[in-house]
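**Student:** Here the protein sequences line up with chains Z and X, keeping their order. Read left to right, the first sequence gives residues 1 to 206 (the UniProt record's numbering). Read left to right, the second sequence gives residues 1 to 206 (the UniProt record's numbering).
Number of protein chains: 2
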Amino acid sequence: MAQTRFTLHRDPLLANCYKIKLTAALLHIPLEKHNHSILSGDTQTPEFQNKVSFWRRIPVLQVDKSSFLPESNAACFNLAGPISFQTTPFQKAEMLRWMFFEQNHHEVSVASLRFWLHILGEESLSADRIAHIPAKKVAARQCFDYMEDHLANHSQSGWFVGDSITLADICLFAYTHIAAHAGFDLKEWPAVKACCEKVKSVDAFC
Amino acid sequence: MAQTRFTLHRDPLLANCYKIKLTAALLHIPLEKHNHSILSGDTQTPEFQNKVSFWRRIPVLQVDKSSFLPESNAACFNLAGPISFQTTPFQKAEMLRWMFFEQNHHEVSVASLRFWLHILGEESLSADRIAHIPAKKVAARQCFDYMEDHLANHSQSGWFVGDSITLADICLFAYTHIAAHAGFDLKEWPAVKACCEKVKSVDAFC
Numbered sequence: 001m002a003q004t005r006f007t008l009h010r011d012p013l014l015a016n017c018y019k020i021k022l023t024a025a026l027l028h029i030p031l032e033k034h035n036h037s038i039l040s041g042d043t044q045t046p047e048f049q050n051k052v053s054f055w056r057r058i059p060v061l062q063v064d065k066s067s068f069l070p071e072s073n074a075a076c077f078n079l080a081g082p083i084s085f086q087t088t089p090f091q092k093a094e095m096l097r098w099m100f101f102e103q104n105h106h107e108v109s110v111a112s113l114r115f116w117l118h119i120l121g122e123e124s125l126s127a128d129r130i131a132h133i134p135a136k137k138v139a140a141r142q143c144f145d146y147m148e149d150h151l152a153n154h155s156q157s158g159w160f161v162g163d164s165i166t167l168a169d170i171c172l173f174a175y176t177h178i179a180a181h182a183g184f185d186l187k188e189w190p191a192v193k194a195c196c197e198k199v200k201s202v203d204a205f206c
Numbered sequence: 001m002a003q004t005r006f007t008l009h010r011d012p013l014l015a016n017c018y019k020i021k022l023t024a025a026l027l028h029i030p031l032e033k034h035n036h037s038i039l040s041g042d043t044q045t046p047e048f049q050n051k052v053s054f055w056r057r058i059p060v061l062q063v064d065k066s067s068f069l070p071e072s073n074a075a076c077f078n079l080a081g082p083i084s085f086q087t088t089p090f091q092k093a094e095m096l097r098w099m100f101f102e103q104n105h106h107e108v109s110v111a112s113l114r115f116w117l118h119i120l121g122e123e124s125l126s127a128d129r130i131a132h133i134p135a136k137k138v139a140a141r142q143c144f145d146y147m148e149d150h151l152a153n154h155s156q157s158g159w160f161v162g163d164s165i166t167l168a169d170i171c172l173f174a175y176t177h178i179a180a181h182a183g184f185d186l187k188e189w190p191a192v193k194a195c196c197e198k199v200k201s202v203d204a205f206c
């Protein structure tokens, strides 16, 4: 077995952490895991801030003793880099297109609804957050509609880019396959649901 | 002069569009511009949705007659791809780290405040948006603090990654250099302000 080079600083509650674990598994890259609990404030300590990340968020991919890479999708990109997925240069840009969409639109609606409703529970939310739920639900639905249109009408393969799985599928899968936690039923978006099933059927899926 | 291959579908109001124009200028890549007015609803028409982007947002980088690339940072990556900036594989991941940070945290706070306060005007905002301003201001300040810490304490060069300008600097510059539109004075973050000045001093800056 190859020597472990990478350590994932994670909270298993977060699918932003899971997407890095899944990328490593699919590429057969050994990955150490170091668990932190965000609900217990583990990432808010001066130690975490000084050693791991000033930004006090996880996931962070530790690459060596003193190199730490925040941002889940950059971590996936770094893991996949040397091995990569089969893409032309334009397909790599399209892959990043969906990864930026994921962080700019999908994660800030779907993942945030899931965190509020499933992890924290609606009864514990501030009035400000409760007031913001309807807008987040609209935004999440727009994301699923957009993904459905792309997969149903602009993809021959059922993958987001090209003919096989890429980081676009993995990064979008992370919070999409648990959309029920955010109050959505993927039956409404059959091509999106089918793409999730395809990810689950890939060898080494975990 | 090289033949123009790329068309930028843009609204000059948006710095997400400007960052693509700046990337092309710095790399001496000819770029056609096709203007759309978001305030006039140009991107909400069935024509735009069917031809340019189902997502009905700009910027979109048109690569050929039928290939359209949404997401500003993916468009910058695609333009820079063949020429690229000088980066090791890990520096490329670090560059993407800041580009994902920009879309997941900086753009959703700084750009959105700028759009509300400077483009639309506070007097025309819905009660929901007005209620959300304080949280966006806190989030924007956290972004500038994080950037300041990185540039002041973890960068030898004053650039975000490595020893020269990369897409990380360009993508963060877009909304940072006009932070005053969102109500912030960069004097509070001197290393961030200095990085903006460095971008402005690069040959072919526009």
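The beta carbon of each residue, even a glycine, is placed where N, CA and C say it ideally should be.
Check whether the Cβ of Asn16/X lies closer than 7 angstroms to any heavy atom of the ligand NAD, and answer yes or no.
**Tutor:** With respect to small molecules bound, the structure shown includes none, and the ligand NAD cannot be examined in it.
**Student:** Using the rule of at least 16 other Cβ atoms within 10 Å of the residue's Cβ for burial, across every protein chain shown, is Glu94/X buried or exposed?
**Tutor:** Translated into the one-based positions of the second sequence, residue 94/X becomes position 94. The residue in question, Glu94/X, is buried, as its Cβ has 16 or more Cβ neighbours within 10 Å.
**Student:** Which value, in whole angstroms, describes the spacing of the CA atoms of Leu22/Z and Ala111/Z?
**Tutor:** Indexing the first sequence from 1 puts residue 22/Z at position 22. Indexing the first sequence from 1 puts residue 111/Z at position 111. Near 17 angstroms, if we compare the C-alpha coordinates of Ala111/Z and Leu22/Z.
**Student:** In this structure, does DSSP put Phe101/X in helix, strand or coil?
**Tutor:** If you number the second sequence from 1, residue 101/X lands on position 101. Reduced to three states, the DSSP call for Phe101/X is helix.
**Student:** So, does the region 8-28 of chain X touch the region 50-66 of chain X, judging by three or more C-beta pairs under 8 angstroms?
**Tutor:** Yes: the two stretches touch, three or more of their Cβ pairs being nearer than 8 angstroms.
**Student:** Would you check if the distance between the CB atom of Ala75/Z and the CB atom of Cys206/Z is smaller than 8 angstroms?
**Tutor:** Here residue 75/Z refers to the residue found at position 75 when the first sequence is read from its first residue. Here residue 206/Z refers to the residue found at position 206 when the first sequence is read from its first residue. No, these two residues do not count as a Cβ contact at 8 angstroms.
**Student:** Under DSSP, the alpha helix (DSSP H) around Phe144/X begins and ends at which residues?
**Tutor:** The count along the second sequence starts at 1 and reaches residue 144/X at position 144. Taken as a continuous stretch (DSSP letters only), the alpha helix (DSSP H) holding Phe144/X covers Ala127 to Asn153.
**Student:** Using a Cβ-Cβ cut-off of 8 angstroms, state whether Gln103/X counts as contacting chain Z.
**Tutor:** Locating residue 103/X in the second sequence gives position 103, where the first residue counts as 1. Yes, contact with chain Z.
**Student:** Can you have a look at Thr88/Z and say buried or exposed, based on whether 16 or more other CB atoms are within 10 angstroms of its CB?
**Tutor:** As a working mapping, residue 88/Z is identified with position 88 in the first sequence. Exposed, since its Cβ has fewer than 16 Cβ neighbours within 10 Å.
**Student:** Tell me whether Thr7/Z sits in a helix, a strand or coil according to DSSP, three-state version.
**Tutor:** Position 7 of the first sequence, counting from 1, holds the residue named residue 7/Z. Note: Thr7/Z maps to strand in three-state DSSP.
**Student:** What residues in the region 37-65 of chain X have a beta carbon less than 7 angstroms from any beta carbon of chain Z?
**Tutor:** From the region 37-65 of chain X, only Phe54, Trp55 and Val63 have a Cβ closer than 7 angstroms to chain Z.
**Student:** How should Val52/X be labelled, buried or exposed, when 16 other C-beta atoms within 10 angstroms of its C-beta is the threshold for buried?
**Tutor:** The residue you call residue 52/X lines up with position 52 of the second sequence. When all chains shown are included, Val52/X counts as buried.
**Student:** Indicate whether at least one CB of chain Z lies closer than 8 angstroms to the CB of Glu94/X.
**Tutor:** The residue labelled residue 94/X in the question sits at position 94 within the second sequence. True, the Cβ-Cβ gap to chain Z drops below 8 angstroms.
**Student:** Assuming Leu125/X and Cys195/X make a contact with CB atoms under 8 angstroms, what is their CB distance in whole Å?
**Tutor:** Residue 125/X sits at position 125 when you count from the first residue of the second sequence. Residue 195/X sits at position 195 when you count from the first residue of the second sequence. With 8 angstroms as the limit, Leu125/X and Cys195/X do not qualify as a contact, their Cβ atoms being about 31 angstroms apart.
**Student:** Taking C-beta to C-beta, are Lys137/Z and Leu113/Z nearer than 8 angstroms?
**Tutor:** In the first sequence, counting from the first residue as 1, residue 137/Z sits at position 137. In the first sequence, counting from the first residue as 1, residue 113/Z sits at position 113. A contact, by the Cβ cut-off of 8 angstroms.
**Student:** Would you verify that the beta carbon of Asn73/Z is, or is not, closer than 8 angstroms to some beta carbon of chain X?
**Tutor:** Within the first sequence, numbered from 1, the residue matching residue 73/Z stands at position 73. Output row for Asn73/Z: interface = yes.
**Student:** Strictly by DSSP, which residues pair up with Asn35/X?
**Tutor:** The sequence position of residue 35/X within the second sequence is 35, counting from 1. Arg10/X, per the DSSP bridge assignment.
**Student:** Flag Arg97/Z as yes if its beta-carbon sits less than 8 angstroms from any beta-carbon of chain X, otherwise no.
**Tutor:** Taking the first residue of the first sequence as position 1, residue 97/Z is located at position 97. So yes, Arg97/Z belongs to the interface.
**Student:** Taking Tyr146/X as the query, report the chain Z residues whose CB atoms sit under 7 angstroms from its CB, ordered along the chain.
**Tutor:** Position 146 of the second sequence, counted from the first residue, corresponds to residue 146/X. In chain order: Phe54 and Trp55.
**Student:** Nearest chain X C-beta to Met1/Z closer than 8 angstroms, yes or no?
**Tutor:** In the first sequence, counting from the first residue as 1, residue 1/Z sits at position 1. Reliability fails at Met1/Z, whose pLDDT of 45 lies under 50, so the model's placement of it is uncertain and no value is given.
**Student:** Residues of chain B with CB closer than 8 angstroms to the CB of Ala135/X, please, in chain order.
**Tutor:** Note that chain B does not occur in the displayed structure, where the protein chains are Z and X.
**Student:** If you reduce the DSSP assignment to three classes, tell me which class Val52/X lands in.
**Tutor:** For the purposes of this step, residue 52/X is identified with residue 52 of the second sequence, where counting begins at 1. Three-state result, Val52/X: coil.
**Student:** At a cut of 8 angstroms, does the region 168-184 of chain Z reach the region 129-145 of chain Z through at least three beta carbon pairs?
**Tutor:** Result yes; three or more Cβ-Cβ pairs closer than 8 angstroms.
**Student:** Would DSSP call residue 208/X helix, strand or coil?
**Tutor:** Outside the shown range of chain X, which is 1 to 206, sits residue 208/X, and nothing can be said about it.
**Student:** Along the beta strand (DSSP E) that carries Ser164/X, what are the first and last residues, could you check?
**Tutor:** Taking the second sequence and counting its residues from 1, one reaches residue 164/X at position 164. Premise fails: Ser164/X is in no beta strand (DSSP E) and is neither H nor E.
**Student:** Can you pull out the residues from the region 138-169 of chain Z whose beta carbon lies closer than 9 angstroms to at least one beta carbon of chain X?
**Tutor:** Within the region 138-169 of chain Z, the residues whose Cβ lies closer than 9 angstroms to some Cβ of chain X are Gln142, Asp145, Tyr146, Asp149, His150, Asn153 and His154, listed in chain order.
**Student:** Flag this pair as yes or no: are the beta carbons of Ile58/Z and Thr43/Z separated by less than 8 angstroms?
**Tutor:** Locating residue 58/Z in the first sequence gives position 58, where the first residue counts as 1. Locating residue 43/Z in the first sequence gives position 43, where the first residue counts as 1. Cβ distance < 8 angstroms, so Ile58/Z and Thr43/Z count as in contact.
**Student:** Does the Cβ of Asn104/X have 16 or more other Cβ atoms within 10 Å, making it buried, or fewer, making it exposed?
**Tutor:** Counting from one through the second sequence, the residue named residue 104/X turns up at place 104. That one is buried.
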